[in-house]
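Residue 246 in the working numbering sits at position 198 of the sequence shown, and the numbers go up by one each step.
Just so it is clear, CB atoms sit at the ideal spot from N, CA and C, and this is done for glycine as well.
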Amino acid sequence: SDHMENICGYLMKYTNLVTGWQYRFFVLNNDAGLLEYFVNEQSRHLKPRGTLQLAGAVISPSDEDSHTFTVNAASGEQYKLRATDAKERQHWVSRLQICTQHHTEAIGKNNPPLKSRSFSLASQGSANSPGVQRRPSQNAVSFFNVGHHRLSTGKRVPIMQPDHLVDVREMMSQAEGQQKDLIRSIECLPVSGHLTSLDQDLLMLKATSMATMNCLNDCFHILQLQHASQQKGSLPAGTTINWLEPKISLANHFKNGAAQNFPAEINKPASVREEQSVAEPCQLTREPEEINPDEELEDICDDKEDDLGAVEEQRSVILHLLSQLKLGMDLTRVVLPTFILEKRSLLEMYADFMSHPDLFIAITNGATPEERMIRFVEYYLTSFHEGRKGAIAKKPYNPIIGETFHCSWRMPKSDVATDAGCNSTSEQVTLSKDPEGQKELDYYTVKFVAEQVSHHPPVSGFYAECVERKMCVNAHVWTKSKFLGMSIGVTMVGEGVLSLLEHGEEYTFSLPCAYARSILTVPWVELGGKVNINCVKTGYSASINFHTKPFYGGKLHRVTGEVKQNSTNTVVCRVQGEWNSVLEFTYSNGETKYVDLTKLSVTRKRVRPLEKQGPFESRRLWQHVTESLRDGDIDKATEHKRALEERQRNEERLRAETETPWCTKYFLKEGDGWVYHKPLWKTVSAVQTQQTDTN
């Protein structure tokens, strides 16, 4: 009670994706147990813009950064707030938690617990017998052999009564007990013979029963919140609101259902000890490095991910992992088994989206704003197919913070589509000289660099440019993955900007969501969601829909879209087809163009040899993991991967202890995004200014 003081002040409140963070004036009313906010301090005498009941609420500091925290009310409403620094956050969190505890206890004293009803299990059908079969006519209650009381057929009660929740809780406890008996019965079966503990059907039953109980617990939690909301914040004594958190730690990799035991340090290979060593901050330069494209060689790696062998062999590991995940659970901090990894980093995957540099360069050759927008849409839709390595859905390595990837493409000028109306030929001759100006080159060079700029949340920045054509693209992506049952969804949060400096145009774009489907059989990739491309200067925009397959019927990988002129709302081009097969473009003049992605030529990227790469460049950093995966040695790959992750955690802990901020190498934070430190638009602008001064 000594700390029960009313406090007020400005905090940032997250509104939505469009509005983002807004400064609001917050007031903690301890007497009423309310958190209120106003537009500003001057409007404090007016009606609050929003109010949260703190009784039964959960106050949670966020792990995104040291400034953010959330207030989760018992009604289900949530405020995501941000203080100016860690000290102010702690002040608000402490006061809110004290107020919440006080009012929650007060409600408990005024609402004594209700007596629970008694339930009994039917005597027949013991769950200890794995041979018990469920008939189609059985409902869920009879399957679990749980008796129940028939409710009165009189007038329906609009609000769920507290004792009904007690009934549900007791019934679920019965089901949980029988589910545990079922698991125990399966695990007690012999490992060989007609029916074994490793039987695929029994493992499936084991996984789905665990997932079902987790889902039922989540549903019951929602009922608790709904009941608390209907009772205007009153909670019965002893009620605890447990937020949706994973029940079982997934910090370890799993092998055949058990946590792996790694050999002692003395037995580890030198490569692993090297990966685990923590470099002193002063030993690793974070200064940007200029990569000479002439040192890069055409890539000869062709790691197609069509091998299903590892997935088939490790089916029991997948089932064990799935049994511990919950629907909607964030997988960012979940360490997944090594055998589902593809042999490249996520940063290299972003580079593979640029495998058609001829289409990329051709964008700026469009004679009109309309043609340039259509060309960009064509390039955008053809980029995803080559970004996938094979038909099997596997996961690229999670880049560690500070990891980088460099590559380039050389594109013969004769292979790039031009336009008769393009008047930039003279500039091309001037800009397409070699660095020493001795002779004109017969190819364009597209350079690419990517960097992992943040670990939590995982954010990557990437940048590509073609100096000769005065065009570049800058993007940052935050990958958020969630467990969706028999699939995994990845949301690509972020934005990209394509700059055509010859035309003074900028095209902003977003990325679709990705889904790994059928993760227990043959996993495959599906894209979904709506993305927008917009050019403010020209007034042209594009809307593209990646359609996920309906439950019944429908085509796979379907995409539709349209390009329009915003001022007149006129559609100038429509597109339909499959993003990994054939696309059909229909123009306003009635002409139709077909693009067969399976027949498009792919330009191999150029990469420096491993011996010339820095220690934090993707291929050198992950080389031992990649080599082990190629050799099919999953245990060794897991050991190398774990060593890299341990080193990252140790370095992160060291920075936290010494309060040393992380310094990026190639990208700078600007607002909510990340921008390459030396983008082409700055270089060209500086050259033009210098030329103007000379003249």
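- Boundaries of the beta strand (DSSP E) harbouring residue 492: 491–502, taken from the DSSP string.
- Judged by DSSP in its simplified three-state form, residue 714 adopts coil rather than helix or strand.
- As the crow flies, the alpha-carbon of residue 235 is around 10 Å from that of residue 251.
- Within the DSSP secondary-structure output, residue 610 pairs in a beta bridge with 591, 622.
- Taken atom to atom, the span from the alpha-carbon of residue 556 to that of residue 689 is near 36 Å.
- For residue 239, the three-state secondary structure derived from DSSP is coil.
- In this structure, the beta-carbon distance from residue 530 to residue 728 does not fall below 8 Å.
- Of the residues 513, 447, 242, the one whose Cα lies closest to the Cα of residue 391 is 447.
- Cβ-Cβ separation between residue 700 and residue 503: approximately 7 Å, consistent with a contact (criterion under 8 Å).
- Bounds of any alpha helix (DSSP H) do not take in residue 458; it lies within the beta strand (DSSP E) bounded by 452–460.
- Take residue 510, set aside five residues on each side of it, and the residues of its chain with a beta-carbon closer than 6 Å to its own are 398, 498, 523, in chain order.
- With a contact defined as Cβ atoms closer than 8 Å, residue 464 and residue 492 qualify at about 7 Å.
- Residue nearest to residue 253 within the set 89, 115, 407, 232 is 232 (criterion: CA-CA distance).
- Residue pairing by DSSP places residue 77 opposite 82 in a beta bridge.
- Linking residue 617 to residue 626 through their CA atoms gives a straight-line distance of about 26 Å.
- Its Cα nearest to that of residue 136, the residue 117 stands out among 149, 62, 117, 620.
- In this structure the stretch 403–423 does not lie against the stretch 708–726, because fewer than three pairs of beta carbons, one per stretch, are closer than 8 Å.
- Per DSSP, reduced to three states, the secondary structure at residue 661 is coil, with no helix or strand assignment.
- By the CB criterion at 8 Å, residue 344 and residue 654 fall inside the cutoff.
- Following the DSSP letters along the chain, one finds residue 117 inside the beta strand (DSSP E) bounded by residues 116–120.
- Residue 554 sits in a strand when the DSSP states are folded into three classes.
- Taken through DSSP and simplified to helix, strand or coil, residue 433 comes out as helix.
- Under the three-state reduction of DSSP, residue 627 is assigned to coil, being neither helix nor strand.
- Comparing C-alpha distances from residue 123 to each of 532, 133, 139, 102 shows the shortest one belongs to 102.
- About 51 Å separates the beta carbon of residue 434 from that of residue 216, a gap too long to meet the 8 Å contact definition.
- The shortest CA-to-CA distance from residue 494 to any of 140, 581, 521 is the one to 521.
- Per DSSP, residue 406 is one residue of the alpha helix (DSSP H) stretching across 405–410.
- Residue 455 is classed as buried because its beta carbon has at least 16 other beta carbons within 10 Å across all chains shown.
- Residue pairing by DSSP places residue 57 opposite 74 in a beta bridge.
- A Cβ-Cβ distance of about 12 Å is found for the pair residue 639 and residue 622, leaving them out of contact under the 8 Å criterion.
- Bridge pairing for residue 226: absent [DSSP].
- Residue environment analysis places residue 54 among the exposed positions, since fewer than 16 neighbouring C-beta atoms fall within 10 angstroms of its C-beta.
- The beta carbons of residue 74 and residue 59 sit closer together than 8 Å.
- Taking the CA atoms as reference points, residue 512 sits about 33 Å from residue 679.
- Assigned with DSSP and collapsed to three states, residue 729 falls in helix.
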